[in-house]
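The structure appears right after this line, and notes come after that.
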Amino acid sequence: MDEQALLGLNPNADSDFRQRALAYFEQLKISPNAWQACAEALAQRTYSDDHIKFFCFQVLEHQIKYKYSELTTVQQQLIRETLVSWLQAQMLTPQPEKTFIRNKAAQVFALLFVTEYLTKWPKFFFDILSVVDLNPRGVDLYLRILMAIDSELVDRDVVHTSEEARRNTLIKDTMREQCIPNLVESWYQILQNYQYSNSEVTCQCLEVVGAYVSWIDLSLIANDRFINMLLGHMSIEVLREEACDCLFEIVNKGMDPVDKMKLVESLCQVLQSAGFFSIDQEEDVDFLARFSKLVNGMGQSLIVSWTKLIKNGDIKNAQEALQAIETKVELMLQLLIHEDDDISSNIIGFCYDYLHILKQLTVLSDQQKANVEAIMLAVMKKLTYDEEYNFENEGEDEAMFVEYRKQLKLLLDRLAQVSPELLLASVRRVFSSTLQNWQTTRFMEVEVAIRLLYMLAEALPVSHGAHFSGDVSKASALQDMMRTMAFLDHRGLRHSSAKVRSRTAYLFSRFVKSLNKQMNPFIEDILNRIQDLLELSPPENGYQSLLSSDDQLFIYETAGVLIVNSEYPAERKQALMRNLLAPLMEKFKILLEKLMLAQDEERQASLADCLNHAVGFASRTSKAFSNKQTVKQCGCSEVYLDCLQTFLPALSCPLQKDILRSGVRTFLHRMIICLEEEVLPFIPSASEHMLKDCEAKDLQEFIPLINQITAKFKIQVSPFLQQMFMPLLHAIFEVLLRPAEENDQSAALEKQMLRRSYFAFLQTVTGSGMSEVIANQGAENVERVLVTVIQGAVEYPDPIAQKTCFIILSKLVELWGGKDGPVGFADFVYKHIVPACFLAPLKQTFDLADAQTVLALSECAVTLKTIHLKRGPECVQYLQQEYLPSLQVAPEIIQEFCQALQQPDAKVFKNYLKVFFQRAKP
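First residue of the sequence shown: 1, per the UniProt record's numbering; consecutive thereafter.
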């Protein structure tokens, strides 16, 4: 072995040594015989350094995992003997190996086991047991090997191939037949021998029993001698947590519902008589968390039995199962209300499933109703933050409590399904009593009262969020609670905490949207009170606004919703909207002038940010309009047209182009929806500015705007499109043809996205009945455009773009492919479009196993069908006599292809085309 390279295995070695060690490891993995040096070093205990021992096991692991079939029978025998002699040596060494070495050794034993057990080493376990006997060090390794084997065979987190899954099933079947009873006997002997003298080995053995019980015959474990021993361990402090987990695995084992019920009930009787149900007398919270998990398992097992028995119509036994469940509810409640959240969390599953049973019963008994109320009170109590919760610096404990609260919310939702009236009354009682004296009440209690109201709204069944209509008693209870809420003063938007202000801005927006019909009497008052919160904060005034720009977006939207949905006449709405937006327009003009003069780049960026916020705020107010409440009906067109005229000059600003263009572009998108054709006069000049000094990203974001205009206004914008069509294409081609570094991934991705946008633009033009826009660009330009579409379909390995290109081609064939189409187009179809339909799918990069590529192929099929539809027998003749023979396609396949193409059902041809290319590709 290379001693110098081995020095690099030490964690403290310098990087050169470490690199050399890594290279040596790779070398040993490739070398056919180097592993033998490692095997010899392990068998003869050549090295005392732990990291070298670990390294040797890693090399053996790689050999067994990836190259075992290449070894001779003698070499395989050598690996077996090496591992057994290493195991024998462990019985004699003065000090046991480090844990990480023992675990790695166990993994190597497990790998060899799954490789050889069915063929060459059927006596694997007997050989191991004969070596280790009851030696504590040997037993430790034996148990680690068993856990590693279980992990290889059963662990669901490990992804296995179907072949490995079949092998593992066969191994488990063979083990059940040949050695499991012997293994179980060995576990019993280990537990009996070490339960009082070696807690570590005993706990390991209990873990093994718990792991294996899921796939071995349960009667081997669920019998008097084993269960009595496990129950005895429940009283030994150092063993009881593992014993609890072991019992949990036994209870969780799938079995006949009546047998399961008997097993659980017998366990419960013994545990109860031993005093384990007296929760208040137990101080060890770690044990109680495991015990809670066990009770949860027993409860859920009984519920599964009840469900199966009901389904099978066995009413008598189902009644017994329900009775057994009911007797556990008191214990369940004690665990649910426990002050330790882990203990409480572990029982929630039983609780949830119990409520699900009650939901299915037609009538609840008084006791069951009392149980529902007790669960409700427990949930309300456990939702409360404790004193240690750190709101300013939330760590792992806080994150766990947030997750725990989510579990409690699921319980609350289930309670709402079982008894909505009781939940409403309980929340109302807690809410009213807490909020009456909220100033003197602890924050935690006030928070939980408000949280309950919020959860109640989500939990109660309701149609379209209309909590305040329908059921009168529910609506009045909710209104009664809502009166104590405040948004606009120091409790909400003007609170000292930025987090509270931010959340209030969002919730106030939601509140106003939900209740816009009831808000009319308060509109002017609200608008006046939020006036100062709407101010745009320029960077130079040093004034720190109460709200961030993101929060202000919600306030502007809220103001828009209040104005638009008010019952005021159109003139009043227009005046209010102008009052809202005029200050923005004024500020915008001033800030734009300042930006033009600004020298410092940082100042330029902050001014551009502020200008962008102004455009964003105006844009957000327009979200209030709908199909019923249009901009025209509200008399607000003029105000938004003024905004447009104010904002558009920003497009010609040479500074901070990206951010300014992005904001104005978004505003134009909104105005196309809101102002419709009134926006059209502004589009040509805006487009001209946006096409100047373009980068790929600018064009990529500009094209959707043109697509939106084209799809919405169609023939109305034909003159504009014809005028700007080639300038736009020249800008696109210029960016696409710019040279870029070969390894510049981001530049390549930008070009790919721009190419997609370009094809999407052509698709929109052709799909909106505007093909004359392309046709009128002159023969040379038309041909250039068509060639780029053919290139997009064939040359670039981008199935999304290829799909779009085939859609464009099939549309153009549909429009121009007939006898009266443009001169020369029929030739183009046969010279370029038909070949594209074959050359694209035949490329190696055209992956027919990829979903996007299959969609592209589907559009390719549509293109061929459309050519056949427009050109008729001439197309079939060309394929039969010229094109397909040029591809060396066999005559019978050509005949088959042409028959499929002529099928009236397009789906038949699509399916055929996929099979055709699968056969054609090597």
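Using N, Cα and C, we set each Cβ at its ideal position, and we do this for glycine too.
Whole-number beta carbon distance between residue j and residue i, since they are thought to touch under 8 Å
i      : j      : result
Glu678 : Ser637 : 6 Å
Asn252 : Ser305 : 13 Å between Cβ atoms; not a contact.
Val631 : Gly663 : Actually they do not touch by this definition, with Cβ atoms about 20 Å apart.
Tyr68  : Thr119 : Incorrect: roughly 11 Å between the Cβ atoms, too far for contact.
Val213 : Ile221 : 5 Å
Thr804 : Gln752 : So it is not a contact: roughly 13 Å between Cβ atoms.
Gln81  : Gln90  : Per the sequence shown, residue 81 should be read as Glu rather than Gln. Going by Cβ atoms, the distance from Glu81 to Gln90 rounds to 15 Å, so no, they are not a contact pair.
Tyr640 : Leu675 : 6 Å
Met376 : Ser426 : 5 Å
Leu580 : Thr646 : 14 Å between Cβ atoms; not a contact.
Glu249 : Gly299 : Actually they are not in contact, since the Cβ atoms of Glu249 and Gly299 sit about 16 Å apart, beyond 8 Å.
Gly492 : Lys573 : Between Lys573 and Gly492 the Cβ distance is about 26 Å, and since that is not below 8 Å, they are no contact.
Leu424 : Leu456 : 7 Å
Leu358 : Val418 : 5 Å
Glu557 : Lys623 : 5 Å
When the options are compared against residue i, the one with the closest alpha-carbon
i           : options                        : result
His832      : Lys803, Leu786, Ala39          : Leu786
Gln777      : Leu754, Glu814, Leu728         : Leu728
Thr46       : Met753, Trp86, Ala222, Gln723  : Trp86
Gln895      : Ser858, Asn911, Phe916, Asp905 : Phe916
Arg225      : Val209, Cys246, Tyr188         : Tyr188
Ile450      : Glu81, Ile706, Leu383          : Leu383
Asn296      : Val184, Ile347, Leu206         : Ile347
Asp133      : Ala324, Met724, Asn182, Ala856 : Asn182
Asn707      : Met724, Ala459, Asp693         : Met724
Asp150      : Tyr758, Asn168, Pro136, Asp140 : Asn168
Val379      : Glu339, Glu396, Leu358         : Glu339
Asp532      : Phe761, Gln552, Ile715, Phe487 : Gln552
Val74       : Gln36, Gln88, Val59            : Gln36
Leu336      : Glu320, Tyr354, Ala321, Asp140 : Tyr354
Val270      : Arg156, Ala43, Ile145, Leu230  : Leu230
Gln918      : Gln881, Leu848, Val108         : Leu848
residue 946 : Ile180, Ser433, Tyr352         : This structure cannot speak to residue 946, because the chain is shown only from 1 to 922.
Phe126      : Val184, Met261, Lys513         : Val184
Met175      : Phe720, Ile893, Trp215, Asn743 : Trp215
Ala605      : Phe511, Phe625, Leu655         : Leu655
Where residue i falls, given that 16 or more other Cβ within 10 Å makes a residue buried
i      : result
Ser31  : exposed
His730 : exposed
Leu815 : buried
Arg414 : buried
Met400 : exposed
Lys907 : exposed
Gly769 : exposed
Ser469 : Interpretation of Ser469 is limited by its pLDDT of 48, a score under 50 that renders its predicted location unreliable; no figure is taken from the coordinates.
Ala748 : exposed
Asp173 : exposed
Ala920 : exposed
Val139 : buried
Arg670 : buried
Ile715 : exposed
Arg156 : exposed
Margin query: Quick check on the DSSP output: what are the complete alpha helix (DSSP H) runs of length 4 or more inside the segment 110-140, in order along the chain?
Written below: 124-132
Next item on the list: Taking 8 Å as the threshold, find out whether the segment 584-600 comes into contact with the segment 648-657 through three or more Cβ pairs.
Entry: yes
Notebook entry, point to check: Mind pulling the beta strand (DSSP E) runs of 3 or more residues that sit fully within the segment 518-566?
Noted result: Listed in chain order, there is nothing to give.
Checklist line | Inter-stretch contact (C-beta, 8 Å, three-pair minimum) for the segment 94-113 and the segment 52-61 | finding: yes
Note to self: With three or more C-beta pairs closer than 8 Å as the rule, is the segment 273-280 touching the segment 307-321?
What the structure shows: no
Next item on the list: Would you be able to state if there are at least three C-beta pairs under 8 Å between the segment 890-904 and the segment 862-881?
Entry: Three or more Cβ pairs drawn from the segment 862-881 and the segment 890-904 lie within less than 8 Å of each other, which places the two stretches in contact.
Check: With contact counted as at least three CB pairs below 8 Å, one residue from each stretch, are the segment 768-782 and the segment 790-799 in contact?
Finding: no
Margin query: Using 8 Å as the cut-off, can you tell me whether the segment 672-689 makes contact with the segment 731-743, which would need three or more C-beta pairs spanning the two stretches below that distance?
Written below: no
Check: Is the number of C-beta pairs between the segment 237-253 and the segment 197-205 that are closer than 8 Å three or more?
Finding: yes
Next item on the list: May I ask you to verify whether the segment 492-501 touches the segment 516-525, counting CB pairs closer than 8 Å and requiring at least 3?
Entry: no
Item checked: Contact the segment 244-262 vs the segment 277-294: 3+ CB pairs below 8 Å -> yes
Notebook entry, point to check: If we count Cβ pairs, one from each stretch, closer than 8 Å, do we get three or more for the segment 358-374 versus the segment 326-337?
Noted result: yes
Check: Which ranges does the beta strand (DSSP E) cover as unbroken runs of at least 3 residues, wholly within the segment 778-835, from first to last along the chain?
Finding: none
Check: At which residue ranges does the segment 424-467 contain complete beta strand (DSSP E) runs of 3 or more residues, listed in the order of the chain?
Finding: As far as the segment 424-467 is concerned, it has no whole beta strand (DSSP E) run of at least 3 residues.
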